[in-house]
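**Student:** Quick one: the structure is below, questions incoming.
There are 2 protein chains.
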Amino acid sequence: MFIAMNRFKIAIGHENDFIEMWKSRESHLDSVPGFKAFHLLQGSSDENCTLFASHSVWESADSFNAWTQSDAFRKAHAHASGAKDIYLGPPQFEGFEAVI
Amino acid sequence: MFIAMNRFKIAIGHENDFIEMWKSRESHLDSVPGFKAFHLLQGSSDENCTLFASHSVWESADSFNAWTQSDAFRKAHAHASGAKDIYLGPPQFEGFEAVI
Numbered sequence: 006m007f008i009a010m011n012r013f014k015i016a017i018g019h020e021n022d023f024i025e026m027w028k029s030r031e032s033h034l035d036s037v038p039g040f041k042a043f044h045l046l047q048g049s050s051d052e053n054c055t056l057f058a059s060h061s062v063w064e065s066a067d068s069f070n071a072w073t074q075s076d077a078f079r080k081a082h083a084h085a086s087g088a089k090d091i092y093l094g095p096p097q098f099e100g101f102e103a104v105i
Numbered sequence: 006m007f008i009a010m011n012r013f014k015i016a017i018g019h020e021n022d023f024i025e026m027w028k029s030r031e032s033h034l035d036s037v038p039g040f041k042a043f044h045l046l047q048g049s050s051d052e053n054c055t056l057f058a059s060h061s062v063w064e065s066a067d068s069f070n071a072w073t074q075s076d077a078f079r080k081a082h083a084h085a086s087g088a089k090d091i092y093l094g095p096p097q098f099e100g101f102e103a104v105i
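Keeping their order, the protein sequence lines are chains A and B.
Heads up: the first sequence at position 14 corresponds to 19 in the numbering used here, and the numbers run straight through without jumps.
Heads up: the second sequence at position 90 corresponds to 95 in the numbering used here, and the numbers run straight through without jumps.
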């Protein structure tokens, strides 16, 4: 099992804008080989921003990497960025292999 | 759905020690109300350390918080730390609420 997370720092007050952007996004993930589940996660807030993480579960790192090279990936990210001023810095990708 | 993650920086060369410590741990989680799944995740490495994250899925933040106040939690952490010199700094907790 492989978990792909992208961490986003969203300016305070723009949390709902960010969530709605993800809700309206067409990810095309359900038809991707090896894809198991997707969630958008909301973490803690400080005085400047709220941490969010996209969280997708895959059968393997190979299936995730194949998706990042696919047309489905390109389509999913074609209109993904939204209003730039809600982001405090670029997203930070982290990939994890389940070892237990 | 709530996801509780604890991030650990493990000194290079001690990855297997850390994984074996978790494999031998009696977590007592299966009997905890609201608990859904546990994985130990291995992330990327740099020249000093490898990132790991414990990753547990719960029905709600309330069920996770109730567990942290329980005897089961105390038992699970009684012998959890292991050899101190494998850790580069303290673990970093992050809790996430699934919003999609």
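Each residue gets a CB set at the ideal place from its N, CA and C atoms; glycine is no exception.
Keep in mind it's a predicted model, so treat the numbers as computed, not measured.
1) If we call anything under 8 Å between Cβ atoms a contact, is Ser68/A one with Gly100/A?
2) List the whole-angstrom C-beta distance separating Gln97/A from Val104/B, where the pair is believed to meet the contact cut-off of C-beta under 8 Å.
3) Can you tell me where the beta strand (DSSP E) holding His82/B begins and where it ends?
4) Take every Cβ of the segment 56-63 of chain B, pair it with every Cβ of the segment 31-45 of chain B, and state whether three or more of those distances are shorter than 8 Å.
5) How many angstroms separate the CA atom of Lys89/A from the CA atom of Gly18/B?
6) On the criterion of 16 or more Cβ atoms from any shown chain inside 10 Å, does Ala83/A qualify as buried, or is it exposed?
7) Counting C-beta neighbours from all protein chains within 10 Å, is the total for Thr73/A 16 or more, i.e. buried, or is it exposed?
8) If distances are taken between C-alpha atoms only, which option among Glu31/B, Asn53/B, Asn11/B and Glu64/B comes closest to Leu93/B?
9) Among the residues of its own chain, which have a CB less than 6 Å from the CB of Ser36/B, if the five just before and after it don't count?
10) Which bits of chain A does Lys6/B rub up against, with CB to CB less than 8 Å?
11) In chain B, which residues lie less than 7 Å from Val37/A when you measure between Cβ atoms?
12) Starting from the C-beta of Ala66/A, find all residues in its chain whose C-beta is less than 8 Å away, skip the five residues before and the five after it, and write them out in chain order.
13) By the 8 Å beta-carbon criterion, what residues does the segment 12-37 of chain A contribute toward chain B?
**Tutor:** Based on what the coordinates show:
1) no
2) Their Cβ separation, rounded to whole angstroms, is 19 Å, which puts Gln97/A and Val104/B out of contact at 8 Å.
3) Premise fails: His82/B lies in the alpha helix (DSSP H), Asp76 to His82, not in any beta strand (DSSP E).
4) yes
5) 41 Å
6) exposed
7) exposed
8) Asn53/B
9) none
10) What sits at residue 6/B in the sequence shown is Met, not Lys. By Cβ distance, chain A contributes His44.
11) Ordered by position in chain B, no residue passes the 7 Å Cβ test against Val37/A, which lies about 17 Å from the chain.
12) Phe7, Gly100 and Glu102
13) Ile24, Trp27 and Lys28
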